Amino acid sequence: MNLRITNYELRFAIICILLLVLCSPLAAQKKETLVTLHHADSLVGTVLNGENVRMLVGNVRLSQEDIIITCDKATEFLARKFFVLEGNVRVKEDSMIFIGNRGTYSSETKIAEGMDNVRLEEVVHSGIGKKLTARRGTYWTNERKAHFTDNVVAVDTDATLSANALTYFRADKHLLASGNVSIINSDNSIQSFGNYFENFPERKFSRLTGNPKVVEYDTASDGTIDTLVITADTLETIQDSLEHLWAKGNVSVLRDSVSATSGYLEFIRARDSILLFETPYVFYQEHQVSGDSIVLLLKEKQMEKAFIKNNAMAVSRADSLFSKRFNQLSGTNMELQFAEKQLQTILVRKSATSLYFLFDEDSTIETKKPNGVNKSTGDEVKIFFANKKVERIVIVGGVEGQYFPENLVAGKEEEFRLEKFRWIAPDKRVVLLK
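136 is the number of the first residue of the sequence shown in the working numbering; add one for each residue after it.
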């Protein structure tokens, strides 16, 4: 059998292939759908500023594929395939309704814009709330994306969000809010503030940045209002009610008489615990505690225990009249025990060292008389407190002690500092928590 192909046949085959390649994009292009006019009380054709237009007035109803548009009046610019909508404007696409007093719609790009009291409503839960209002809004039907600006407010049964601008992606319910963001959760009395907010409802995850702050109000057992305040560079949560929260960068925490700073924080509500990492400091009354990591355990939202792991150190002023004298306690690990909002004990394990300034009590004089420094070491050191003062110190295992009389201490207080001593002044703490 002769299978030889002639030059004519070869040229014909090449031409067919080229035609197929060149024409396939045209065939693949989606045919543009027209806007259908279902009703208008009146229709007038005219010329406006040199453009051919159709004026639709009264109970106007239009559609393009699954998009339904209703309004009181519509002006259609025929060449531009553009509509100017006025009065009770509603753009509906499946479960979403885009509402405004005025608006525009492009049948070519399928972009709707709304002005004057714009609203977005979803029949099903959207992640942005049951109703969203703003001064202006734009909806891209092809991208299923909506963007709103100026006095944006989203209301749901659990919370109200307000911001300068908000973008909502319907496909995954992803939300972006920016500018003076505030989220008020009425059920849990939680308020969140920041400049940029992201929410992923399907993942139950959200992120707040731009000077973010979370405030939670709660009523204590004695009827007083207990407030938890957390600030950081970035706040991230799982669930809307702070079930699990991460704070990253320049973290500050305030709850009742306890405050803390760190580079990283994790709050786990189910365990009633706050975990602090990256140079953490905890402040309680006149006590300052630090270490490589600190775990705060709460009971009925009150401080119960604090665990400091590695390079643990506790510092407190020896007396308010002697600003350079600090009582100090250090060791590998440390545990603080609280009861009825008061510090009860401090227990230091491994390489424990205590340095305490002594004072002579004399009821005949108004001020205490300094009486040197007592430095002790042991395997464990436990300090008991009563009425906010040291009641007694117990040292166990390998005990060694040294007393420095006052004449060796006066004017040389800074020489009596344990390794890695650092004191953050109270006024600095207030600034950190703002």
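Virtual Cβ for every residue (Gly too), placed ideally from N, Cα, C. Note that the structure is a prediction, hence the values are computed from the model and not measured.
I'd like the list of long-range same chain contacts for residue i, defined as Cβ closer than 7 Å, with 5 residues on each side in sequence excluded.
i: K216; result: S241, S242, E243
i: N385; result: A367, D368
i: I559; result: Y416, Q423
i: D407; result: L432, L433, K434
i: I443; result: V424, G426, I429, N468, M469
i: E337; result: D307, K308
i: E413; result: S397, G398, Y399
i: Q164; result: Bear in mind that the predicted position of Q164 carries a pLDDT of just 43, short of 50, making it unreliable; the figure below should be weighed with that in mind. Correct list: empty, nothing qualifies.
i: K266; result: R254, E256, V290
i: S486; result: G466, T467
i: A214; result: E186, N187
Measure the C-alpha to C-alpha separation of residue i and residue j and round it to an integer number of angstroms.
i: L191; j: A209; result: 5 Å
i: N286; j: H379; result: 30 Å
i: G272; j: R237; result: 11 Å
i: S321; j: D293; result: 6 Å
i: E401; j: N468; result: 20 Å
i: E470; j: D427; result: 14 Å
i: E577; j: G180; result: The structure shown has nothing for residue 577, since the chain only spans 136 to 569.
i: W275; j: M448; result: 58 Å
i: Y399; j: E371; result: 11 Å
i: A545; j: K555; result: 22 Å
i: E549; j: G513; result: 23 Å
i: F570; j: V525; result: Any question about residue 570 goes unanswered here, given that the chain covers just 136 to 569.
i: N346; j: A395; result: 17 Å
i: L255; j: I481; result: 57 Å
i: T284; j: N446; result: 50 Å
i: R484; j: G536; result: 17 Å
i: V534; j: E515; result: 9 Å
i: L543; j: Y419; result: 31 Å
i: I528; j: G329; result: 46 Å
i: T354; j: T171; result: 59 Å
i: Q472; j: S458; result: 27 Å
Secondary structure at residue i, three-state DSSP: helix, strand or coil?
i: R404; result: helix
i: E278; result: coil
i: L493; result: strand
i: V544; result: helix
i: E550; result: helix
i: K436; result: coil
i: E470; result: strand
i: T244; result: coil
i: D285; result: strand
i: V349; result: strand
i: G533; result: coil
i: P505; result: strand
i: S313; result: strand
i: N194; result: strand
i: F556; result: coil
i: V393; result: strand
i: S455; result: coil
i: V170; result: coil
i: Q463; result: strand
i: A306; result: coil
Taking C-alpha atoms, which residue in the options lies nearest to residue i?
i: N522; options: Q477, D407, A289, L183; result: Q477
i: E278; options: R305, T284, A298, T268; result: R305
i: Q479; options: I443, I518, S486; result: I518
i: V253; options: R225, N509, A441; result: R225
i: R342; options: N334, K524, I202; result: N334
i: G249; options: Q437, E475, T362, A281; result: A281
i: M438; options: V388, K459, A474; result: A474
i: F539; options: K510, V219, R527, I246; result: K510
i: D229; options: A453, A247, E257, E221; result: E257
i: E541; options: S392, R189, P505; result: P505
i: V393; options: K440, R460, Q326, F340; result: K440
i: K383; options: K227, T344, N330; result: T344
i: L411; options: W381, Y419, E421, A405; result: W381
i: V195; options: L183, V219, A214; result: V219
i: F492; options: N330, R452, L172, V529; result: R452
i: G193; options: H173, G185, V182, E186; result: H173
i: I203; options: R189, K348, I246, T362; result: I246
i: I360; options: K348, L183, S324, I319; result: S324
i: R270; options: K227, I234, V531; result: I234
Which same chain residues, not among the five before or five after residue i, have their C-beta less than 6 Å away from its C-beta?
i: Q463; result: V450, L490, L553
i: T268; result: R254, V288
i: V364; result: V350, L389
i: R460; result: A453, F492, E548
i: F551; result: V508
i: Q326; result: I319, V350
Within the same chain, show all residues whose beta-carbon is closer than 8 Å to that of residue i, passing over the 5 residues directly before and after it, in chain order.
i: A298; result: V287, A312, S313, G314, N315, V316, S317, F332
i: L169; result: Q199, S242
i: C206; result: V195, L220, E221, G222, N223, V224, R225, G238
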